[in-house]
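Here is the structure we will look at.
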Amino acid sequence: MCDVVLRRDGWRAYLGALLRAAPRYGVVFAPRFAAIAGRSAREVVDALRADRDAAIDELAVIAAAAYDPQERVAELERGDIVQVIHGGPWSCGAGSMNDHVAEIARLSDRFVPWAGVSLTDPHAAVAEATRALDVLGMTGLSVIPFLDGVDPSDPALDGLWSLAVERGVPVWVHSGQSFSSSPMSVSSPQVIDRIATRHPDLRLVLGHGGWPWVLEAVALLQRHPHVYLEFSSHHPRTMAAGGSGWEPLFFHGARSVRDRVLFGSTSWTHAQGPAAVVEATSHLPIPSDVRTAWLRGNAAPLVARRQRAIA
Numbered sequence: 002m003c004d005v006v007l008r009r010d011g012w013r014a015y016l017g018a019l020l021r022a023a024p025r026y027g028v029v030f031a032p033r034f035a036a037i038a039g040r041s042a043r044e045v046v047d048a049l050r051a052d053r054d055a056a057i058d059e060l061a062v063i064a065a066a067a068y069d070p071q072e073r074v075a076e077l078e079r080g081d082i083v084q085v086i087h088g089g090p091w092s093c094g095a096g097s098m099n100d101h102v103a104e105i106a107r108l109s110d111r112f113v114p115w116a117g118v119s120l121t122d123p124h125a126a127v128a129e130a131t132r133a134l135d136v137l138g139m140t141g142l143s144v145i146p147f148l149d150g151v152d153p154s155d156p157a158l159d160g161l162w163s164l165a166v167e168r169g170v171p172v173w174v175h176s177g178q179s180f181s182s183s184p185m186s187v188s189s190p191q192v193i194d195r196i197a198t199r200h201p202d203l204r205l206v207l208g209h210g211g212w213p214w215v216l217e218a219v220a221l222l223q224r225h226p227h228v229y230l231e232f233s234s235h236h237p238r239t240m241a242a243g244g245s246g247w248e249p250l251f252f253h254g255a256r257s258v259r260d261r262v263l264f265g266s267t268s269w270t271h272a273q274g275p276a277a278v279v280e281a282t283s284h285l286p287i288p289s290d291v292r293t294a295w296l297r298g299n300a301a302p303l304v305a306r307r308q309r310a311i312a
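Residue numbers (this note's numbering): 2 to 312.
Okay, here's the thing in structure tokens:
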């Protein structure tokens, strides 16, 4: 779940959207950028502060070289991995980042493309979601409330959620902490609870696991049988450390919500490929059968449409 596989224009669009709306991400992820750029984190931060647009352009070139889509395909095939990759509503080349990601997904059946839509204009969100599903062949949707500064439980957005139910596609929602100026509450489990209550058949995926509200996220899954949780951007080694806050997931994720916890990578934030992040899940304090379910089995209902189309 939730990875970013892009070429240069896509990285420019993605990083531009992220770092302009939430500049602090440049500081938080400076060590990751530094690891692939061959410089210090301080140099990355200074470059972003001195000329953000120029620094984004340079980072896009570096990231595209470090995370080449064709090389990712080879890694996925070696590890027998199927990966959901996310688009976005931002301008990218002659189209949008959704067009960009849909094109990359055509490289391999290992990629499952989900379209990113903005919540700032409910009618435009429905139109872009419809285009992405009908024209681009994408098989899921994703939203990032903190980038849009919008409460996703606003009833004005019910048309978007109803569309997802009608089309039978899942929706990934950024949940938990962010480093933007938007209130953390726009990504809280309570907000997603309001959506799930009004749309009980909507399949929602809590992106990044709702941390630090992990216990509340587990309770949300217990309340709503079509709500899932994935823990991308959080490295399994860190999650397994004492005091990480993930303990409720290890306990309840092996019991009441065992079948709705999903592995996620967002591998660039770890400065390593998804196969290495998969391997690191061996450190999680869960039984081996639970680990297998999290890594593979639980995601089947969410990517089944893609697999049928491939077959």
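Where is the CB? At the ideal position from N, CA and C, for every residue including glycine. Note that the structure is predicted; figures quoted are calculated from it, not measured.
Please report the Cβ distance between residue i and residue j, rounded to the nearest whole angstrom; I am assuming they are in contact, meaning their Cβ atoms lie under 8 Å.
i	j	result
residue 7	residue 49	About 19 Å; that fails the 8 Å criterion.
residue 62	residue 9	6 Å
residue 153	residue 120	6 Å
residue 81	residue 266	So it is not a contact: roughly 15 Å between Cβ atoms.
residue 294	residue 259	6 Å
residue 159	residue 224	Contact flag wrong, Cβ pair sits at about 19 Å.
residue 102	residue 124	Actually they are not in contact, since the Cβ atoms of residue 102 and residue 124 sit about 23 Å apart, beyond 8 Å.
residue 234	residue 282	Contact doesn't hold; Cβ gap of about 14 Å is too wide.
residue 142	residue 118	6 Å
residue 98	residue 197	The pair is not a contact, with the Cβ atoms about 27 Å apart (cut-off 8 Å).
residue 177	residue 213	7 Å
residue 70	residue 108	6 Å
Closest to residue i by C-alpha separation, out of the options, would be which residue?
i	options	result
residue 58	70, 69 and 45	45
residue 1	250, 129, 133 and 134	Limits of the chain in this structure are 2 at one end and 312 at the other, which puts residue 1 out of reach.
residue 179	28, 14 and 4	28
residue 188	123, 266, 70 and 211	211
residue 247	215, 293 and 271	215
residue 183	12, 300 and 22	22
residue 148	282, 17, 106 and 164	17
residue 303	168, 42, 126 and 79	168
residue 219	85, 254, 110 and 100	254
residue 133	231, 106 and 76	106
residue 298	272, 271, 261 and 109	261
residue 162	130, 79, 77 and 213	130
residue 157	138, 145, 127 and 140	127
residue 228	237, 191 and 245	191
residue 276	252, 136, 217 and 72	72
residue 104	83, 122 and 136	136
residue 150	43, 122, 85 and 70	122
residue 272	25, 31, 231 and 26	31
residue 186	301, 76 and 217	217
residue 76	278, 11 and 194	278
residue 274	239, 84 and 11	84
residue 181	11, 24, 2 and 140	24
residue 301	26, 292 and 263	263
residue 226	201, 237, 292 and 242	201
Can you pull the DSSP bridge partners for residue i?
i	result
residue 87	115
residue 3	For residue 3, which the question treats as bridged, DSSP gives no partner whatsoever.
residue 1	In this structure the chain extends from 2 to 312, so residue 1 is not present and cannot be described.
residue 229	206
residue 262	230
residue 172	142 and 205
Which residue comes first and which comes last in the beta strand (DSSP E) that contains residue i?
i	result
residue 144	142 to 144
residue 136	Where residue 136 is concerned, there is no enclosing beta strand (DSSP E), given that its DSSP letter is neither H nor E.
On the DSSP letters alone, give me the boundaries of the alpha helix (DSSP H) that residue i sits inside.
i	result
residue 279	275 to 281
residue 253	248 to 253
residue 295	289 to 296
residue 162	159 to 168
residue 11	9 to 22
residue 313	Past the edges of the chain, shown from 2 to 312, lies residue 313, and the structure says nothing about it.
residue 74	70 to 80
residue 177	Residue 177 -> no alpha helix (DSSP H), and no H or E assigned at all.
residue 267	Note, residue 267: premise wrong, no alpha helix (DSSP H); not H, not E.
residue 240	237 to 241
residue 28	25 to 29
residue 65	53 to 67
residue 218	215 to 224
Could you tell me whether the segment 45 to 64 touches the segment 283 to 295, where touching means 3 or more Cβ pairs closer than 8 Å?
no
Given 8 Å as the limit, is there contact between the segment 66 to 83 and the segment 92 to 99, that is, 3 or more CB pairs closer than that?
no
Three or more C-beta pairs below 8 Å linking the segment 195 to 207 and the segment 162 to 181
yes
Pair every Cβ in the segment 32 to 40 with every Cβ in the segment 114 to 133, then say whether three or more of these pairs are closer than 8 Å.
no
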